[in-house]
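Everything below concerns the one structure shown next.
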Amino acid sequence: ILNVEQSPQSLHVQEGDSTNFTCSFPSSNFYALHWYRWETAKSPEALFVMTLNGDEKKKGRISATLNTKEGYSYLYIKGSQPEDSATYLCLQYGSGTYKYIFGTGTRLKVLA
Amino acid sequence: GAVVSQHPSWVICKSGTSVKIECRSLDFQATTMFWYRQFPKQSLMLMATSNEGSKATYEQGVEKDKFLINHASLTLSTLTVTSAHPEDSSFYICSANRQNSGANVLTFGAGSRLTVL
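Keeping their order, the protein sequence lines are chains A and B. Numbering of the first sequence is given in the working numbering, commencing with residue 1 and proceeding in unit increments. Numbering of the second sequence is given in the working numbering, commencing with residue 1 and proceeding in unit increments.
Structure representation (structure tokens):
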């Protein structure tokens, strides 16, 4: 994998459902993986910064895991609420490139 | 928390005019700011890295004479799209690097949508 890829591109879930999405990234020269939540007309908001293989972070109903050896991170939302509707972006910071590379985002819509 | 104020949010201009977008860090000093552009259904693409008091570093394929970046203070960076043309219509967003609990975190502006007629 040369780019940061996110899947699915978009999804609709019912209120109360749990959901998860994937970020795949180059595993070589890995330094850090960031997750952001981006609501329309607002600034992207930092959720997690993850650096260690096997890392798992949690913030309320949202959690994320990291596998740097195989190059993927999962973001989980438990009991989705309409206010969780947003685009979830992941970005990787590479120790070789010293740059942030963005995924295209997963657009989540939670239906009441 | 840390905030980056970006304006204008929306701008419509005639072809050939120049447009300035400002990003201001409100409660922290931003020695480095990044400028990105996003076309529909694509990722945010880094255009340039702006460092306070020095020349910006542009990514390959980004014309530095077209997209002028100025970072004259620790709290303000500006992007000027000179002689804008319809193909410059895009979403532009800035971010600043800051330390939070030992990790580098990007703080973003809310973005500026430019439409060139």
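We put the CB at the ideal spot given by N, CA and C, even for glycine.
**Item:** B:E52 in three-state terms, based on DSSP
**Value:** By 1-based counting over the second sequence, the position of residue 52 of chain B is 52. Coil, per DSSP.
**Asked** Which of helix, strand or coil does DSSP assign to A:E70?
**Response** Indexing the first sequence from 1 puts residue 70 of chain A at position 70. Looking at A:E70 - three-state DSSP - the assignment turns out to be coil, as it is neither helix nor strand.
**Prompt:** Can you give the Cα-Cα distance for B:L114 and B:K66, rounded to whole angstroms?
**Reply:** Here residue 114 of chain B refers to the residue found at position 114 when the second sequence is read from its first residue. Here residue 66 of chain B refers to the residue found at position 66 when the second sequence is read from its first residue. Near 15 Å, if we compare the C-alpha coordinates of B:K66 and B:L114.
**Item:** Minimum Cβ-Cβ distance from B:S54 to chain A less than 8 Å
**Value:** Here residue 54 of chain B is taken as the residue at index 54 of the second sequence, counted from 1. No, no contact with chain A.
**Prompt:** Among residues of its own chain, excluding the 5 on either side of B:T31, which ones have a beta-carbon nearer than 6 Å to its beta-carbon?
**Reply:** Here the question's residue 31 of chain B lines up with position 31 in the second sequence. Excluding sequence neighbours, B:T31 sits near E52.
**Prompt:** Beta-carbon separation of B:L79 and B:Y58 under 8 Å?
**Reply:** Residue numbering aside, residue 79 of chain B sits at position 79 when the second sequence is read from its first letter. Residue numbering aside, residue 58 of chain B sits at position 58 when the second sequence is read from its first letter. Contact: no.
**CA-to-CA distance, B:W10 to A:E83, given in whole angstroms** = The residue labelled residue 83 of chain A in the question sits at position 83 within the first sequence. The residue labelled residue 10 of chain B in the question sits at position 10 within the second sequence. The alpha-carbon atoms of A:E83 and B:W10 are separated by roughly 25 Å.
**Request:** From the DSSP output, read off the bridge partner residues of B:M47.
**Result:** Within the second sequence, residue 47 of chain B is the residue found at index 47, counting from 1. According to DSSP, B:M47 bridges with nothing at all.
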